[in-house]
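S.K.:
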Amino acid sequence: MSAIALIAPALIIIAGLFLLPVLRILWISFTEPVAGLGNYRLLLTNGTVHRVAETTLWICSLASVITVIVGYVIAYAMVHATSREARGMLFCILLTFWLSILVRTFAWVLLLRSEGLVNGFLLWSGLISQPLTLVRNTFGVIVGMVHVMAPLAILPLYASLSGIDRRLISAARGLGCGPVRSFLYVFLPLSKPGIVAASTLVFIFSLGFFITPAILGGGKVMMIAEYIRLQFETTLNWGYAGMLATSLLVTVLLLLAIGSPFLARQRVFGGGGA
Numbered sequence: 002m003s004a005i006a007l008i009a010p011a012l013i014i015i016a017g018l019f020l021l022p023v024l025r026i027l028w029i030s031f032t033e034p035v036a037g038l039g040n041y042r043l044l045l046t047n048g049t050v051h052r053v054a055e056t057t058l059w060i061c062s063l064a065s066v067i068t069v070i071v072g073y074v075i076a077y078a079m080v081h082a083t084s085r086e087a088r089g090m091l092f093c094i095l096l097t098f099w100l101s102i103l104v105r106t107f108a109w110v111l112l113l114r115s116e117g118l119v120n121g122f123l124l125w126s127g128l129i130s131q132p133l134t135l136v137r138n139t140f141g142v143i144v145g146m147v148h149v150m151a152p153l154a155i156l157p158l159y160a161s162l163s164g165i166d167r168r169l170i171s172a173a174r175g176l177g178c179g180p181v182r183s184f185l186y187v188f189l190p191l192s193k194p195g196i197v198a199a200s201t202l203v204f205i206f207s208l209g210f211f212i213t214p215a216i217l218g219g220g221k222v223m224m225i226a227e228y229i230r231l232q233f234e235t236t237l238n239w240g241y242a243g244m245l246a247t248s249l250l251v252t253v254l255l256l257l258a259i260g261s262p263f264l265a266r267q268r269v270f271g272g273g274g275a
């Protein structure tokens, strides 16, 4: 039996559950309300689309930068920890995948609301005189996104940093470099594939975020996924929504194509600076 015959059932299932719905959305984007490219012209002329796109790109970029920085610090600590400590940290990171994003997002609402733990501590310590607005704004959305996406950055970074030959650092120290210079000129450049891979993964995932921005943003922070849902369910502008969904899919595919050299398994998980 040929290999194609073995994987044919899986291909049929994928085509039925993924490809056909995508093609249906693409068809709707060209035919509703009238056939043509009218919906796609709105990408260039509609000011609301521009504002939503700018908000999405700004929040995704900022959240990705913060996530990768936080992920790098944690991965660096894991690499230099004892094996027992590293296993404990890895367990805590993997534990987040077992928890629903909805539950984790509502947990942040409880922590960041005016009567929440964060404001309560700040008021108790005397650092503030009245509660801060930490949710239903961009700050709350970024905090929630960073928390959800942190494992996506930590895991590839940890795998990449683990593959760096420690003897290179020792050689740099032996040649007169201090800890900071050894890190900046040796360790950090060798970890570049992991950084780029983590940044690409986090940014791509953040583009389609829906639950976290919808809850922590409180309707005041409109990102593209929430805007698409609004067009589908509220205004029933299916052609317009289909165009937005198709454009988002094309953007993700282009980012994957651009970042594919850095997402190669041997580069992300093998360490080294090649």
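Going by the working numbering, 239 is the number at position 238 of the sequence shown; the sequence numbering is gapless.
Yeah, the Cβ is synthetic: ideal placement off N, Cα and C, and Gly gets one too.
1) Can you grab the Cα-Cα spacing for the pair E86 / A76, in whole Å?
2) Considering only residues of the segment 10-97, which uninterrupted alpha helix (DSSP H) runs meet the minimum length of 4 residues and lie entirely inside it, listed in chain order?
3) Mind the definition here: the segment 93-113 touches the segment 138-153 only if three or more C-beta pairs lie below 8 Å; say whether that holds.
4) Taking the C-alpha atoms as reference points, what is the distance between H51 and L245?
5) Under a Cβ-count criterion, where at least 16 other Cβ atoms within 10 Å of its own Cβ denotes burial, should Y277 be classed as buried or exposed?
6) Leaving out five residues on either side along the sequence, give the residues of the same chain with a beta carbon under 7 Å from the beta carbon of A78.
7) Whose C-beta lies closer than 7 Å to the C-beta of V136 among residues of the same chain, with five residues either side of it excluded?
8) Pick helix, strand or coil for R1, following the three-state DSSP scheme.
9) Whole angstroms are fine: how far does the CA of F31 sit from the CA of G273?
10) Report yes if the C-beta distance between V147 and I67 is below 7 Å; otherwise report no.
11) Counting beta carbon pairs with one atom in the segment 208-217 and one in the segment 164-177, are three or more of them shorter than 8 Å?
12) Given a cut-off of 7 Å on the beta-carbon distance, is the pair G72 and L162 in contact?
13) How about the segment 222-238 and the segment 52-62: do they share at least three Cβ pairs that are nearer than 8 Å?
14) Out of V197, I170, L202, which has the shortest C-alpha to C-alpha gap to F188?
15) Could you check which residue in I196, L250, A160, S248 has the C-alpha nearest to that of H81?
16) So what does DSSP say about P132, is it helix, strand or coil?
17) Just how far apart, CA to CA, sit I15 and I5?
18) Just to confirm, are A172 and S183 a CB contact at a threshold of 7 Å?
19) Can you tell me whether DSSP reads T247 as helix, strand or coil?
20) Could you give the DSSP three-state label for V222: helix, strand or coil?
21) CA-CA distance, G195 and F140?
22) Per DSSP, what kind of secondary structure is A258 in: helix, strand or coil?
23) Does the beta-carbon of I259 have 16 or more other beta-carbons within 10 angstroms, so that it is buried, or is it exposed?
M.R.: Taking the geometry as given:
1) 12 Å
2) 21-32, 39-46, 48-80, 84-96
3) yes
4) 11 Å
5) No information on residue 277 is available, as it lies outside the stretch 2 to 275 that the chain covers here.
6) none
7) V110, L113, R114, L217, G219
8) Since the first residue shown for the chain is 2 and the last is 275, residue 1 is missing from the structure and cannot be characterised.
9) Any reading at G273 must be qualified, since the residue scores a pLDDT of 43, below 50, and its modelled position is unreliable; the value itself is stated next. Approximately 46 Å between the Cα atoms of the pair.
10) yes
11) no
12) no
13) yes
14) I170
15) A160
16) coil
17) 14 Å
18) no
19) helix
20) coil
21) 27 Å
22) helix
23) exposed
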